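K.L.:
Mind looking over this structure? Questions follow.
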Amino acid sequence: MRHRRKTLAAAGLLLAGALTGVTGTGTAAAAPAAVQAGCHGSGCTGQDPRAKGCDADARTVADAWFGNVRLQLRYSPACAANWAKIEPAPLWWHFWVENRNGESQDYRVGWPDSSAYTNMVDGTVEARACSDSGCTGWR
């Protein structure tokens, strides 16, 4: 039990240091690193943007509306990758992302949700997001 208390106390001090930006040596902690991309360009094809950290700096570069559904083409500069996202995600909605290299990733909503997204394709070439109702422009 004594060893566990020391471990918990040490963990508490480390947490306090992390929250205040002070390391164990009394110096300020380094600034947070830029977005750590888990893949880049063609290496992202077929990968999940959240699992690879690509959603951290992502932005919508093109979108289209179909009724109340917003179809978005998302792009991550750190990962140089694109994917499609819809909000909301109605049951059975089919959508995909494709690029000019012929790569594509699709998704069919199996359960209604507030949003859904595809896996990624290489973003170093133009891409667009599509659904059975239409597409965004190429970006």
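According to the working numbering, numbering within the sequence shown proceeds without interruption in unit steps and concludes at 127.
Idealized CB from N, CA, C, for every residue including glycine.
Predicted, not measured: the structure shown is a model, and the values here were computed from it.
Pull up the distance between the alpha-carbon of Y63 and that of L79, whole angstroms please.
P.N.:
Taking the sequence shown and counting its residues from 1, the one referred to as residue 63 is at position 75. Taking the sequence shown and counting its residues from 1, the one referred to as residue 79 is at position 91. Going by the C-alpha atoms only, they are around 25 angstroms apart.
K.L.:
Tell me G122's beta-bridge partners as DSSP assigns them.
P.N.:
Start at 1 with the first residue of the sequence shown, and residue 122 comes out as number 134. The partner list for G122 (beta bridge, DSSP) reads S119.
K.L.:
Quick check: what's the CA-CA separation for G29 versus C118?
P.N.:
Position 41 of the sequence shown, counted from the first residue, corresponds to residue 29. Position 130 of the sequence shown, counted from the first residue, corresponds to residue 118. Cα to Cα, the separation comes out at about 20 angstroms.
K.L.:
Return yes when the Cβ of D51 is within less than 7 angstroms of the Cβ of H168, no when it is not.
P.N.:
As shown, the chain starts at -11 and ends at 127. That puts residue 168 outside it, with no answer to give.
K.L.:
Can you tell which of Q93, P76, R127, D94 has its C-alpha closest to the C-alpha of S102?
P.N.:
Stepping through the sequence shown from its first residue, residue 102 is reached at position 114. Selected option, being the one with the closest Cα: P76.
K.L.:
State buried or exposed for N56, treating a residue as buried only when at least 16 other CB atoms are found within 10 Å of its CB.
P.N.:
Mapped onto the sequence shown, residue 56 falls at position 68. It is exposed - the Cβ of N56 has fewer than 16 other Cβ atoms within 10 Å.
K.L.:
Let me know if Q93 comes out buried or exposed under the rule of 16 or more other beta-carbons within 10 Å of its beta-carbon.
P.N.:
Position 105 of the sequence shown holds residue 93. Classification for Q93: buried.
K.L.:
For C32 versus A69, is the C-beta spacing smaller than 7 angstroms?
P.N.:
By 1-based counting over the sequence shown, the position of residue 32 is 44. By 1-based counting over the sequence shown, the position of residue 69 is 81. For C32 and A69, yes; Cβs fall inside 7 angstroms.
K.L.:
Considering only residues of the same chain and omitting the five flanking positions on each side of Y105, which have a CB-CB separation below 6 angstroms?
P.N.:
To locate residue 105, count along the sequence shown from 1; it is residue 117. Taken in chain order, the residues that qualify are W71, K73.
K.L.:
Taking 7 angstroms as the limit between beta carbons, can you name the residues of its chain near V97, skipping five residues before and five after?
P.N.:
As a working mapping, residue 97 is identified with position 109 in the sequence shown. Contacts found: A77, P78, L79, W80, W81, A104.
K.L.:
I'd like to know whether the C-beta atoms of E114 and W99 end up nearer to each other than 7 angstroms.
P.N.:
Residue numbering aside, residue 114 sits at position 126 when the sequence shown is read from its first letter. Residue numbering aside, residue 99 sits at position 111 when the sequence shown is read from its first letter. Not in contact: E114 and W99 (Cβ atoms no closer than 7 angstroms).
K.L.:
Going by C-alpha to C-alpha distance, which of Y95, V49, F54, K40 sits closest to R116?
P.N.:
Here residue 116 refers to the residue found at position 128 of the sequence shown. Among Y95, V49, F54, K40, the Cα nearest to that of R116 is on V49.
K.L.:
Helix, strand or coil for A44? Go by DSSP, reduced to three states.
P.N.:
Position 56 of the sequence shown, counting from 1, holds the residue named residue 44. Helix.
K.L.:
Would you identify the three-state DSSP class for S102, choosing helix, strand or coil?
P.N.:
Working through the sequence shown from its first residue, we reach residue 102 at position 114. Three-state DSSP puts S102 in coil, outside helix and strand.
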